[in-house]
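Engineer: This is the structure I have questions about; it appears just below.
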Amino acid sequence: MWTQEIQCRGNESQIHLCSTSLAHKYNCSDDNDAVLVCADHVNVRLVGGHNRCAGRVEVLHRGQWGTVCDNFWDLPDAAVVCRELDCGKPLDALGAAYFGPGSGPIWMGIVFCTGSESTLKNCGSAGWGLHNCNHNRDAGVNCSDYNHSRLTIGPHLCSGRLEILHDQTWMSVCDTVFDQQDAEVVCRELDCGAPVQVLGAAAFGKGDAQMWTQEIQCRGNESHIHLCPTSTLHEITCSHDNYVGVMCSGYTDLRLVNGPESCSGRVEHQYFSKWGTVCDACWDMRAASVLCRQLNCGIAVSVVG
């Protein structure tokens, strides 16, 4: 349990930049764990596609995700979605539940975007919940740009077991074919800063994914891992004990756990490689605002003790 008083001004970028005080000694139990809810400003997402930049379009309205009807759904509409998700340009504006039917409300119908809007919510439509559709007509998009690598099973988006996308299949990477220069590219591709550590021997756990065994030969200045050359000169045998993991500098030693979604939950702090909770007497809205900013979760909505 973290029991030092955290004294943020509220404008810090990361919680470790806030001062702490030992002037007050708090006696806390697990009944006093600090809990935080942030307002994640993601208003649109793609579901059911083979990568994060393709899928069924869903929008967040009144705290609930819903789909978009494909009435008049076209490339200018798709362009707004791709831009909002930082996914490049639209390749396809798809209808007829191409990525499978959704569930829940159908929030938008007869959508009309010029293509220059910053968010789909700013486009014209028939009105929230007004449509003449069923989920067999859910709209989808396929955008030009997406990441070819990801970090999974880690404590944070910027730390975990490395997987790369090959022929639309996510594959784990053998630790003998991956080095620091390759990690430079992965951290850059994921917008996660610089590599802090490359970890072998399945440091982030084993799995059942296929194994990538070709040697990756990045120079270190590539923007995406798929731009790095590979070599098949050496036959490499790997097992699930040899998964490689990467920790990038974007990794944070704070996290939110056991919440209904990624931007709310119990606050935990990592100290000497161990995760512990934070006493609610040490926590206020200013500290919460800093942590929400640090975790890319928008603004603090509430602090729950």
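For the sequence shown, full-length UniProt numbering gives the first residue as 1, with consecutive numbering after it.
Glycine is no exception: its CB is placed at the ideal position from the N, C-alpha and C atoms.
#1: Per the contact definition of three or more C-beta pairs closer than 8 Å, is the segment 81-88 in contact with the segment 122-137?
#2: Could you check what DSSP says for Q270 in three-state terms: helix, strand or coil?
#3: Given 8 Å as the limit, is there contact between the segment 132-144 and the segment 88-106, that is, 3 or more CB pairs closer than that?
#4: For D182, which option in Q197, M211, C174, Q217 has the closest C-alpha, if you only look at C-alpha atoms?
#5: Could you pull out every residue in the same chain whose Cβ sits closer than 7 Å to the Cβ of M285, ignoring the five residues on either side in sequence?
#6: So what does DSSP say about S289, is it helix, strand or coil?
#7: Check whether the segment 219-237 touches the segment 184-196, taking contact to mean three or more Cβ pairs, one atom from each stretch, closer than 8 Å.
#8: For W128, tell me which candidate among L94, D179, G66 has the shortest Cα-Cα distance.
#9: Using 10 angstroms around the beta-carbon of H131, count the other beta-carbons present and answer buried if the total reaches 16, otherwise exposed.
#10: Alpha carbon to alpha carbon, how far is A201 from D40? Give it in angstroms, no decimals.
#11: Where do the ends of the beta strand (DSSP E) carrying Q64 lie?
#12: When the distance is taken between beta carbons, is G140 closer than 8 Å to L94?
#13: Considering only residues of the same chain and omitting the five flanking positions on each side of V173, which have a CB-CB separation below 8 Å?
#14: Considering only the alpha carbon of each residue, which of V198, L199, F178, S223 lies closest to D191?
#15: Could you compute how far the alpha carbon of V59 sits from the alpha carbon of G154?
#16: For P76, report the span of its beta strand (DSSP E) as first-last.
#17: Going straight from the alpha carbon of M108 to that of E261, what length do you get?
#18: What is the rounded straight-line gap between the Cα of E117 and the Cα of A78?
#19: If we ignore side chains and look at the alpha-carbon of each, how far apart do I15 and S239 end up?
#20: Hey, would you say G265 sits closer than 8 Å to V278, going by beta carbons?
#21: Rounding to the nearest angstrom, what Cα-Cα distance links W283 and D138 in this structure?
#22: Enumerate in chain order the residues of its own chain whose CB-to-CB distance from T232 is below 7 Å, with the five nearest sequence positions on each side excluded.
#23: Just how far apart, CA to CA, sit H135 and P101?
#24: Does the distance from the C-beta atom of C248 to that of A203 stay below 8 Å?
#25: Going by C-alpha distance, which of C133, G259, V44, V80 is nearest residue 323?
#26: Out of curiosity, what's the CA-to-CA distance linking Q180 and Q197?
#27: Restricting to Cα atoms, I'd like to know which of N51, E268, G207, P76 is closest to D241.
#28: Using CA coordinates, which residue listed in Q270, V111, W275, D167 is at the minimum distance from W73?
Structural biologist: On the basis of the supplied data:
#1: no
#2: Stepping through the sequence shown from its first residue, residue 270 is reached at position 270. The answer is strand: DSSP assigns Q270 an E or B state.
#3: yes
#4: Residue 182 sits at position 182 when you count from the first residue of the sequence shown. Closest option to D182, Cα to Cα, is Q217.
#5: Looking up residue 285 in the sequence shown gives position 285. If we look at M285 and ignore the five residues flanking it on each side, its Cβ neighbours are A300, V303.
#6: Here the question's residue 289 lines up with position 289 in the sequence shown. Correct three-state label for S289: helix.
#7: yes
#8: Residue mapping note: residue 128 aligns to position 128 of the sequence shown, counting from 1. Residue G66 is the option with its Cα nearest to W128.
#9: Stepping through the sequence shown from its first residue, residue 131 is reached at position 131. By the neighbour-count rule (16 or more Cβ atoms within 10 Å), H131 is buried.
#10: Position 40 of the sequence shown holds residue 40. Position 201 of the sequence shown holds residue 201. Because D40 sits at a pLDDT of 46, beneath the cut-off of 50, its placement in the model cannot be relied upon, and the following sentence gives the value as read from the coordinates. Those two C-alpha atoms are separated by around 35 Å.
#11: Start at 1 with the first residue of the sequence shown, and residue 64 comes out as number 64. It spans 64-68 - the beta strand (DSSP E) in which Q64 sits, taken as one unbroken run.
#12: Translated into positions along the sequence shown, residue 94 becomes position 94. Translated into positions along the sequence shown, residue 140 becomes position 140. Result yes, Cβ atoms of L94 and G140 sit closer than 8 Å.
#13: Along the sequence shown, read from residue 1 onward, the residue named residue 173 stands at position 173. Same-chain partners within the cutoff: L162, E163, I164, M211, W212, I216, Y243, V244.
#14: Your numbering for residue 191 matches position 191 in the sequence shown. Looking at the Cα atoms, S223 is the closest of the given residues.
#15: Counting from one through the sequence shown, the residue named residue 59 turns up at place 59. Counting from one through the sequence shown, the residue named residue 154 turns up at place 154. If I take the Cα positions, the gap works out to 27 Å.
#16: Along the sequence shown, one-based indexing puts residue 76 at 76. No beta strand (DSSP E) holds P76; the alpha helix (DSSP H) holding it covers 75-84.
#17: The residue given as residue 108 occupies position 108 in the sequence shown. The residue given as residue 261 occupies position 261 in the sequence shown. Looking at the backbone, the Cα of M108 and that of E261 are separated by about 23 Å.
#18: Walking along the sequence shown from the start, residue 117 turns up at place 117. Walking along the sequence shown from the start, residue 78 turns up at place 78. When only Cα atoms are considered, E117 and A78 end up about 11 Å apart.
#19: Translated into the one-based positions of the sequence shown, residue 15 becomes position 15. Translated into the one-based positions of the sequence shown, residue 239 becomes position 239. Answer to the nearest angstrom: the Cα atoms are 39 Å apart.
#20: Against the sequence shown, residue 265 aligns to sequence position 265. Against the sequence shown, residue 278 aligns to sequence position 278. Contact: no.
#21: One-based indexing of the sequence shown puts residue 283 at position 283. One-based indexing of the sequence shown puts residue 138 at position 138. Distance between the alpha carbons of W283 and D138 is about 43 Å.
#22: The count along the sequence shown starts at 1 and reaches residue 232 at position 232. Correct list, in chain order: Q214.
#23: As a first step, residue 135 is located in the sequence shown; it is residue number 135 there, counting from the start. As a first step, residue 101 is located in the sequence shown; it is residue number 101 there, counting from the start. If I take the Cα positions, the gap works out to 5 Å.
#24: Stepping through the sequence shown from its first residue, residue 248 is reached at position 248. Stepping through the sequence shown from its first residue, residue 203 is reached at position 203. Against a cut-off of 8 Å, the Cβ pair of A203 and C248 comes out as no contact.
#25: With the chain represented from 1 up to 305, any question about residue 323 goes unanswered, as that position is not in the structure.
#26: By one-based count along the sequence shown, residue 180 stands at place 180. By one-based count along the sequence shown, residue 197 stands at place 197. Rounded to the nearest angstrom, the two C-alpha atoms are 8 Å apart.
#27: Within the sequence shown, residue 241 is the residue found at index 241, counting from 1. Answer by Cα proximity: G207.
#28: As a position in the sequence shown, residue 73 is number 73, starting the count at 1. Checked all of Q270, V111, W275, D167; the closest Cα to W73 is V111.
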